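Student: Each residue of the sequence shown is one higher than the one before, starting from 181 at the first, in my numbering.
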Amino acid sequence: MQIKSICCIGAGYVGGPTMTVIAEQCPEIKVTVVDINQSRIDDWNDDNLNNLPIFEPGLAEIVEKVRGKNLFFSTEVDKAIEEADMIFISVNTPTKTYGKGKGMAADLKYIELCARQIARVAKTEKIVIEKSTLPVRTASAIKDILDNTSNGVQFQILSNPEFLAEGTAIEDLLNPDRVLIGGDMSNSEGKKAIQALVEIYANWVPKEKILTTNVWSSELSKLTANAFLAQRVSSINAMSEICEKTGADVQEVSKAIGMDSRIGSKFLNASVGFGGSCFQKDILNLVYIAKSYGLNEVADYWEQVIIMNDHQKNRFSDNIVRTLYNTVSGKKIAFLGWAFKKNTNDTRESPAIKVADNLLNEQANVVVFDPKVKEKQIYQDLDSLGTRSPEENKEHLTVLNDPYRTMENAHGIAILTEWNEFKDYDWKRIHEKMKKPAFLFDGRGILDRTKMEEMGFAYYKIGSGN
Ligand code: NAD
Ligand code: UGA
181 MQIKSICCIG
191 AGYVGGPTMT
201 VIAEQCPEIK
211 VTVVDINQSR
221 IDDWNDDNLN
231 NLPIFEPGLA
241 EIVEKVRGKN
251 LFFSTEVDKA
261 IEEADMIFIS
271 VNTPTKTYGK
281 GKGMAADLKY
291 IELCARQIAR
301 VAKTEKIVIE
311 KSTLPVRTAS
321 AIKDILDNTS
331 NGVQFQILSN
341 PEFLAEGTAI
351 EDLLNPDRVL
361 IGGDMSNSEG
371 KKAIQALVEI
381 YANWVPKEKI
391 LTTNVWSSEL
401 SKLTANAFLA
411 QRVSSINAMS
421 EICEKTGADV
431 QEVSKAIGMD
441 SRIGSKFLNA
451 SVGFGGSCFQ
461 KDILNLVYIA
471 KSYGLNEVAD
481 YWEQVIIMND
491 HQKNRFSDNI
501 VRTLYNTVSG
511 KKIAFLGWAF
521 KKNTNDTRES
531 PAIKVADNLL
541 NEQANVVVFD
551 PKVKEKQIYQ
561 DLDSLGTRSP
571 EENKEHLTVL
581 NDPYRTMENA
591 HGIAILTEWN
601 EFKDYDWKRI
611 HEKMKKPAFL
621 FDGRGILDRT
631 KMEEMGFAYY
641 KIGSGN
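1) Assuming contact is defined by CB atoms lying nearer than 8 Å, are residue 308 and residue 267 in contact in what I supplied?
2) How should residue 631 be labelled, buried or exposed, when 16 other C-beta atoms within 10 angstroms of its C-beta is the threshold for buried?
3) Could you round the C-beta distance between residue 291 and residue 269 to whole angstroms and report it? I think they count as a contact, below 8 Å.
4) With hydrogens ignored, establish whether the beta-carbon of residue 275 is closer than 7 Å to any heavy atom of ligand 1.
5) Using DSSP bridges, identify the partner residues of residue 546.
6) For residue 289, is the classification buried or exposed, using 16 other Cβ atoms within 10 angstroms of its Cβ as the cut-off for buried?
7) Between the beta-carbon of residue 362 and the beta-carbon of residue 398, is there less than 8 Å?
8) Look at the Cβ atom of residue 547, then the Cβ atom of residue 580, and state whether they are nearer than 8 Å.
9) Would the beta-carbon of residue 342 be found less than 7 Å away from any heavy atom of ligand 2?
10) On the DSSP bridge assignment, give the partners of residue 392 in chain order.
11) I need the DSSP call for residue 640, collapsed to helix, strand or coil.
12) Measuring alpha carbon to alpha carbon, tell me which residue in 536, 331 and 380 is nearest residue 298.
13) Are the beta-carbon atoms belonging to residue 620 and residue 642 less than 8 Å from one another?
14) By the three-class DSSP mapping on this structure, what secondary structure does residue 438 have?
15) Starting from residue 259, trace the alpha helix (DSSP H) in both directions and tell me its first and last residue.
16) Could you please give the first and the last residue of the uninterrupted alpha helix (DSSP H) stretch that includes residue 291?
17) Give me, in chain order, the residues of the same chain whose beta-carbon lies closer than 7 Å to that of residue 229; leave out the 5 immediate sequence neighbours on both sides.
18) Would you identify the three-state DSSP class for residue 275, choosing helix, strand or coil?
19) Are there any heavy atoms of ligand 2 lying less than 7 Å away from the beta-carbon of residue 447, as far as the coordinates show?
20) Between the segment 348 to 367 and the segment 468 to 480, do at least 3 Cβ pairs fall closer than 8 Å?
21) Quick one: what's residue 347 bridged to in DSSP?
22) What distance in whole Å lies between the Cβ atoms of residue 413 and residue 451, which are believed to be in contact at a cut-off of 8 Å?
Below, the structure written as structure tokens:
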């Protein structure tokens, strides 16, 4: 089966970078990324590459190379579906905010809309690929919709979850640990569809890294991978609190356990908590699935990962308040970082949002600097919590684009994101311009305690006792 044209529905953090890399690696295939969000598509088509809707190291360079050649961004969804041999569904699957499963289950309405649209428009055979992260067995619902509402067209459904991490998306896409493809191996049509997708990735991924499984294993593997990764962060964060009480240092503990090849050294950085659009959403979804099968102990086990993460965010802001003599009312607290991790402009579920909200509840004046996040986004994140009115948020939280001004006259500084540039600041100058004692709360453990204390900071590092 020769694939000549690919359509991807959803031009977000996954659809955009993934299709850009496929277009670059498969110059003979026409790749069209479509979205209903006109302004997002306009940004993808912007001549000024600084205006792309997503910041990822290396992304703009590849977009510049292939856009207009074999990579296209458009809002003409029907046309792209009609033309394509292969359709990736890469739309958002947020946690449900209403009805049954509210606050836990994945909201699949966007997925269903895509399936119905594909069924309505398609006139020729298509391979439909789940790229979004979905509850196990969603493929059967998609198949049901396609088979029952189409014009007799044949569809093959594959699951091809995405494992890229933001900030390293291009590197992850070019050199993935593995590519996972789930399909129906019980018949020749299913096998052919799997093979067609394998051939696409084989253009740049070694064949031994392309794993094929049944659809359900593929869907569940994605949720499992995120649950295990998030669990590691919550595990090391749980140890960070014990470290603070006992005089152990969590970075030394991480190093010591990480050298055990059975444990491994990655994903053991204690932090102010994990953020990002997926860890919490996917674990909640897993908890919901477990509960729906009556597996209450399994559900409780995974829910604890989220409970620990919420605790870590709250105890970070509690520590700031306690250390600043039990009141931050009217005090200036400078935030370094708002993104949920470095090298991305994504702020979804960023721990900074909760920490800021807690401090605003204590009547602090929060001033934020982030190298990539725009002011509008920061207010949007805060307003979406609904804790106070947008006017009140504007009154008590300020966003500046100069880090030194952000920290001038601050009573305390909180590091929320581990941007590399924060390490290289002129910390002596910052100390001089701060209110004394100069409190510095390092929520990412990126600064050197000895150096900071020598300069005169009252320095608090997550996972290390004072
Ligand atoms: P996103 O919100 O950035 O992008 C989704 C896009 O889909 C939006 O631009 C939205 O307008 C569009 N969309 C929704 N319904 C549509 C429709 N009917 N027709 C056309 N466009 C439509 O989301 P994302 O971060 O790219 O995540 C997408 C999926 O990938 C989710 O299931 C997520 O769990 C999964 N995932 C995300 C990441 C990540 O790093 N962000 C990594 C792996 C997997
Ligand atoms: C994560 C997974 O790593 C990807 O494999 C997956 O595809 C993606 O979720 C998804 O499904 O959306 P991402 O959320 O982009 O990727 O970023 P991570 O690097 O996993 O970081 C998540 C959060 O955990 C960040 O807030 C990060 O700061 C935090 N973290 C990570 C720690 O606090 N400590 C660590 O050691 C590692």
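Quick reminder that beta carbons are idealized off the backbone N, C-alpha and C, glycines included. Because the structure is a prediction, the values reported are computed rather than measured.
Tutor: So, from the listed chains and residues:
1) Here the question's residue 308 lines up with position 128 in the sequence shown. Here the question's residue 267 lines up with position 87 in the sequence shown. Closer than 8 Å, so yes.
2) Numbered from 1 along the sequence shown, position 451 holds the residue referred to as residue 631. Residue 631 comes out exposed.
3) On the sequence shown, position 111 is the one that residue 291 refers to. On the sequence shown, position 89 is the one that residue 269 refers to. Confirmed, about 6 Å.
4) In the sequence shown, residue 275 corresponds to position 95, counting from 1. No, the Cβ of residue 275 stays beyond 7 Å of every heavy atom of ligand 1.
5) Counted from its first residue, the sequence shown places residue 546 at position 366. Residue 546 pairs with 513 and 577.
6) What you label residue 289 is simply residue 109 of the sequence shown in a count that begins at 1. Residue 289 comes out exposed.
7) Sequence index remark: in the sequence shown, residue 362 carries index 182 (1-based). Sequence index remark: in the sequence shown, residue 398 carries index 218 (1-based). In this structure, residue 398 lies closer than 8 Å to residue 362 by Cβ.
8) Stepping through the sequence shown from its first residue, residue 547 is reached at position 367. Stepping through the sequence shown from its first residue, residue 580 is reached at position 400. Taking 8 Å as the Cβ cut-off, residue 547 and residue 580 qualify as a contacting pair.
9) Against the sequence shown, residue 342 aligns to sequence position 162. Because some heavy atom of ligand 2 lies under 7 Å away, the Cβ of residue 342 counts as near it: yes.
10) Within the sequence shown, residue 392 is the residue found at index 212, counting from 1. Partner(s): 361.
11) Locating residue 640 in the sequence shown gives position 460, where the first residue counts as 1. Looking at residue 640 - three-state DSSP - the assignment turns out to be strand.
12) For this step, residue 298 is matched to residue 118 along the sequence shown. With distances taken between Cα atoms, residue 298 lies closest to 331.
13) As a position in the sequence shown, residue 620 is number 440, starting the count at 1. As a position in the sequence shown, residue 642 is number 462, starting the count at 1. Contact flag unset, no.
14) Working through the sequence shown from its first residue, we reach residue 438 at position 258. Three-state result, residue 438: helix.
15) Here residue 259 refers to the residue found at position 79 of the sequence shown. First-last of the alpha helix (DSSP H) with residue 259: 257 to 263.
16) Looking up residue 291 in the sequence shown gives position 111. Note, residue 291: alpha helix (DSSP H), 289 to 301.
17) Your numbering for residue 229 matches position 49 in the sequence shown. So the qualifying residues of the chain are 240, 243 and 244.
18) Here residue 275 refers to the residue found at position 95 of the sequence shown. The answer is strand: DSSP assigns residue 275 an E or B state.
19) Residue 447 sits at position 267 when you count from the first residue of the sequence shown. It does: the Cβ of residue 447 is within 7 Å (strictly closer) of some heavy atom of ligand 2.
20) no
21) For the purposes of this step, residue 347 is taken as residue 167 along the sequence shown, with counting starting at 1. BP columns for residue 347 are empty, so no partner.
22) Taking the first residue of the sequence shown as 1, we reach residue 451 at position 271. Taking the first residue of the sequence shown as 1, we reach residue 413 at position 233. Correct: roughly 7 Å between the Cβ atoms.
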